Every structure is written in C-alpha cells, then in structure tokens.
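Residue numbers (our numbering), protein chains in the order written: chain A, 1 to 116; chain B, 1 to 453. Backbone N, C-alpha and C fix where the C-beta goes; we use that ideal spot for every residue, glycine too. Note that this is a predicted model, so its numbers are computed, not measured. Okay, so here's the structure we're looking at.
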Amino acid sequence: MSKYMSVLLDDKRMEAIKGSSLEEKIDKMFGGALNAFTLKLSDNKAKEVMDAFFTARVDSRGFITDVPIAFSRTLFEEIAKAKSLGDDVIDGVLARVDEIKEAAEKESEFLPVPEF
Amino acid sequence: MLRIETPPPHGGRLVERVVRDPELGKKLAKSCVAAYDIQPTMSKGVPIRNVYREIMSICYGFFSPVEGSMEKAEVERILKERRLLNDWIFPYPLVFDITEEELKDLGVTVGDRLLLRLKGKPFAILDISEIWRIDNPEELATKTFGTPEDNPEVVQEAFNAKMPGWVIYKSLKPVVLAGKYTIINEPKLQPPFDRFWFPPRKSREEYARRGWRTVIAHQTRNVPHIGHEFLMKDAAYTGDMEPCHGIIVNAIIGVKRAGDYPDEAIVEGHEAVNLGGYIKPERHLVTITLWDMRYGNPLESMLHGIIRQNMGCTHHMFGRDHAAVGEYYEMFATQTLWSKGIPSFGFPASVNDVPYGLHIRPQNMREFWYCPVCNEIAYSECCGHTKQKQKFSGSFVRGMVAEGIFPPKVIFRPEVYKVIVKWWKEFDFPFCNEKYVKEKEVRLEVDLPDMDI
C-alpha cells in the first residue's frame, strides 16, 4: 500500500510559494478550509522516514504522521526549494536528519502558543 | 420487550470499598502491621502507571466485581479465559506489585494488613490473602495482549516496546501482594477533575435525577474533533423506542502516550461541546475514570463495557481503532468482540451472549468523514463519495495543532480549540510529553486529607 505525507500550508507558506509552479499542486481539504501538499512516497522512502523517527506512524488514511514539527518545517523548505513533491524532496529532508532531531529535542519540551 | 432498562452492575453487585467515617478509617489504619508509600511504575525513568488509580477504580466500583489485587489463580484464569475466579468476564490482570527488597523491608505475610500511603498520607489498606511471584513479566505482558499466532482473528503484529500496555505489564515488579483493597481516607479530586467525578453509584443516581433511562457511553482519550462529535450524536440515535436519553463521555484519566492531549484539555474539551450547545448539556454529561490506558483495543473495550455498565449505561458506542495504538490489532477488532466474539480470547460469541457476560449493548459504528460533495460530515455507510472523502485522522489533527495552524470549524469547534490553547499555555505544550507525565505523577488528580494515626 502506498504511503503519503501531507504538508499543511498556512498563510505564511502560501505566501512563500505564491507565483510558483507549486500553486498548481495545492490540495484543497475539508471544503477548501485547509490547503496542503500531498506527497506520495515510494516504499523505500517511506521506510527510511519511519526508521529515522521513532514516533512516526501510519494513520488510517495511509499517511505517515507523528513526525516532529521540525520535520514538517524542513519538508516544506525542501519542497519550496526543489519546486517538487517527489522522492528527491524526501532525500533532501533525510540529509538534514541530525538538524531535525536536534530541533525536535527542543520542541519536545516547549512549543510556543499560537497567536491568532 | 421494547423498553430497555438500566443494567445491573457487572457481577450483580456494585463494589464499594470506601470508608467515609474518619474514626473508622483511623482504626483500620492502626490495625496495619506495616506501611507502604505508593510510587508510580517506571520505565526508562518515565512513569507509565500508578497503582493508586487501580485502587480508586476498584474501590469506587468502576471495575465491579473486582475487589482487590488478584491472586495467582485468578491472573492465570484471566490470561487463559478472560474470566475471574467467580466466572464473570474480565480482560486484564490487576495486581499490587513490589520488589523482593520491599517485601523484606515490610516483613508482611499472608493475613497481614498493609497500610498504603499516597502523597505521604494514609490512603487505603490491603488485606493480604496471598503473596506470589511473577516469574517472567515479559511473558505475562505478551499473554495479556495476545500474539498473531495465538490470536490470529485480531492480533496482526507482535507487541513490543512501542505498545504502552505491554510495557506496563513487562515492567511489573516480581512480588504480588494479593488481597482486597479498602480506601480509608477518601481523596478529594482536584479541579478540573472534581466536577467530572461520577463513580458508579453517583452516576446511576445522576441518570435517575435527569430522567435518563437509556444512556450511551462514549469512550475518550481525546479532545473531541468534529468526527467524534458526530459519532456521539449519531450513535445516540439508537436506544429503544426513542433515541438514547443521555450521552455520557467517560474520559480515561491517567498516564498516556506521548502525543495524546493532557487530561485537563480532554475533559474540558468535551465539556465545551455541551457548553457551546453542540450537544445540549441536558443530554450530555462528561465523566472520568482513573486508569492508565493499556491500549488493548478489544480487551480495553471489554473493560470499557464493564466500567460503563457499572455506571448504569445501557449502550456503548464503538468506532474504528478503539483504544488502539499502532497496528497491533485489526482496526475493527473491538467490533468483532462485540458482534461475533473472539474465540481465542475465550469468547465464541459476543461478550453479551456468553455466560457471566455483559448487559450493556454495543453500538458498532464505522467511520465519519468530511464529504466535499455532500458538503457535510458524512457516515461511511451512507455516503457514496468514497473517492472524494476526507477522513478525520487524530494524528493529522494533532499535527495541525502542533504546527500552530488555526483549525477550521469543520475540524474543531472554536470553543474546543480554545480549551486546547488554555492548557497549552499552562503546560507550555499542547500534548503529553515527558515533563507533563512526570509532573502529573507528583501532582496526581487527588489530594488527601490529613489523618493522624
């Protein structure tokens, strides 16, 4: 079964990709209430992500979830840089595993409360 | 018979082992030969269970007919047949475990009465009827939850260190002091838990006061998203000649896995559903049970059925992946137990249809999803737009919260999300993490009055 990952796009991220080819790849979720990128991972890449992060799991939709927030942030950065949703983006993220784990360690103690 | 009436307690009699007379409590405390300070069970330096929650749930009758820490023969029968020695069905071993050194220091033997202190104050007594050893806790843990080989109907993967319940049993200390518990110094629940404390006798009285004859229970360890809300609303259309009069949310309060919401946010999040009028308060009651979740899917659902039958509920809703973590169990394993049974666990038929089984009725529900075509929250067995569906995934929703993205109304009611943020500010984190779990086991959910003995 294929595995997927989702990257949610808030206003800041939408602004960052404005005018790029990535705009055509945005999925509208929940009646347009949420914007997201959906990545389809090859079996190898899915396994690499699962192995790299102890908390990662596959949810009932077949999506890999429960990865550190730093992972999602890095994934968006790599997507924006490569203008792609392919396995090359996951390679870019996995090359930064140490950086992600270091950030995740800090984020396991404290997350700033969002201001709306 | 169309009318469904309040079911009897499991085992026929509600267990209540709480001494409310302080003088009698002192007298019982003085009759103890030794005292033991309750501490949480630890794994890798992190609390994973506190036996005080089991003592509370046993003595207030949530686990009726269980009255104490189990003897060896009873544990063996549970692991083999999921039945107590008195034949009533029960899913899990419940034991008071200590180390050999602690046993030596206490110097107690069969027939002795042991004083159990909590937060340094007298809390309960244990009348020791047997002292036995757990030879191999890992084997006990595996037998507790099953294996793909022995329980092929529902177990998909071997349990391991990622499964919190398995770790709890694997971490048990080797000596078990079996015997009945009695609370001799009644704890006071702390806010916000105090207003959700409805032990079985009180909950039965509350249903009668509200005029509820039929009551459906909703199990939770989550802040409710819209999918949960629609599960509650729609499952409650069952009943007898009319929908269920009441919906009770029974939140499991105790140690949870990292990434679950804090207990405070869970109870107040559900309360926000009725305060916001999404299910009116006259029909909706939030309650708690103290228990460190084992995440045993079908087995946990059996315990949930016992708890809520003891609380006087007539129905229990069960969804996908009930009380589950990972993919150890098949996602509808609970519904299998409650519809046709799981023979390898000792149930050739539903737990309602076996001798000494349960009276509470299951309402097995499939899934709710958002359908952009119907433009509504749809039930999977009604909505035909399976290609367009957008499922509510708890972990997806948690990821959205963690990233600080304001959830749309189609995912969280604003009142519910405000509760998440309230407790996020309190704990500096929106979910259970190591810091929260460690601090919680110091704070607990209760305080005890002074008792000089």
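- Distance from the CA atom of B/M311 to the CA atom of B/S203, rounded to whole angstroms, is 6 Å.
- Only exposed fits B/E205, as fewer than 16 other CB atoms lie within 10 angstroms of its CB.
- Contact between the stretch 166-178 of chain B and the stretch 92-101 of chain B is present: 3 or more CB-CB pairs across the two stretches fall below 8 Å.
- The beta-carbon separation of B/G111 and B/Y181, rounded to 16 Å, does not stay under the 8 Å limit for a contact.
- For B/E81, the uninterrupted alpha helix (DSSP H) run begins and ends at K72 to E81, by DSSP.
- Look at B/H228 here: in three-state DSSP terms it is helix.
- Residue range G246 to I253 is occupied by the beta strand (DSSP E) that includes B/N250.
- Interface annotation, B/D321: in contact with chain A, CB-CB separation under 8 Å.
- Note that the C-beta distance between B/D260 and B/F431 is below 8 Å.
- Fully contained in the stretch 43-73 of chain A are the following alpha helix (DSSP H) runs of length 4 or more, in chain order: 43-52.
- Between B/G326 and A/T65, the C-beta gap is not smaller than 8 Å, which leaves the two residues out of contact.
- A straight-line Cα-Cα distance of about 44 Å links A/I100 and B/P187.
- At least 8 Å separates the beta-carbon of B/M42 from that of B/L290.
- Spanning the alpha carbons of A/I69 and A/F54 requires a straight line of approximately 14 Å.
- In this structure, the alpha-carbon of B/G211 lies about 54 Å from that of A/K47.
- Residues of the stretch 21-47 of chain A whose Cβ lies closer than 9 Å to any Cβ of chain B, in chain order: K28, M29, F30, G31, G32, A33 and L34.
- Cβ-Cβ distances below 7 Å link A/L85 to K25, F37, L39 and I79 in the same chain, with the five nearest sequence neighbours on each side left out; the list follows chain order.
- Around the beta-carbon of B/G296, 16 or more other beta-carbon atoms lie within 10 Å, marking it buried.
- By the C-beta density criterion, B/E381 is exposed, having fewer than 16 other C-beta atoms within 10 angstroms.
- A/K3 sits close to A/L41, with the two beta carbons spaced by under 8 Å.
- Nearest in C-alpha terms to B/L103, of all of B/I58, B/A35 and B/N151, is B/A35.
- In terms of beta-carbon proximity, A/S108 lines the interface with chain B, with at least one pair separated by less than 8 Å.
- A/G92 carries a helical assignment under DSSP once its states are collapsed to helix, strand and coil.
- Proximity to B/D194 across B/D452, B/D447, B/P22 and B/I453 peaks at B/D447, based on C-alpha coordinates.
- Look at B/W291 here: in three-state DSSP terms it is coil, with no helix or strand label.
- As the crow flies, the alpha-carbon of B/M365 is around 15 Å from that of B/E330.
- Look at the stretch 376-404 of chain B: the residues with a C-beta under 8 Å from a C-beta of chain A are Q390, K391, S393, G394, S395, F396, R398, G399, M400, A402, E403 and G404.
- Comparing alpha carbon positions, the residue from B/F392, B/E367, B/K162 and B/E5 closest to B/A208 is B/E5.
- For B/F145, the uninterrupted alpha helix (DSSP H) segment begins and ends at P137 to F145.
- Measuring C-alpha to C-alpha distances from B/K119 to each of B/R83, B/A73, B/P40 and B/R77 identifies B/P40 as the nearest.
- Just so you know, the alpha carbons of B/G239 and B/K44 end up roughly 46 Å apart.
- Going by DSSP, B/L444 is part of no alpha helix (DSSP H) at all; its letter is neither H nor E.
- Here DSSP, grouped into helix, strand and coil, assigns B/D97 to strand.
- Nearest Cα to B/S129 within the set B/P355, B/G179 and B/L115: B/G179.
- The CB of A/L111 comes closer than 8 Å to the CB of A402, G404, W424, D428, F429 and P430 in chain B, given here in chain order.
- Excluding the 5 residues flanking it on each side, B/W132 has same chain C-beta neighbours closer than 6 Å at K72 and V176, in chain order.
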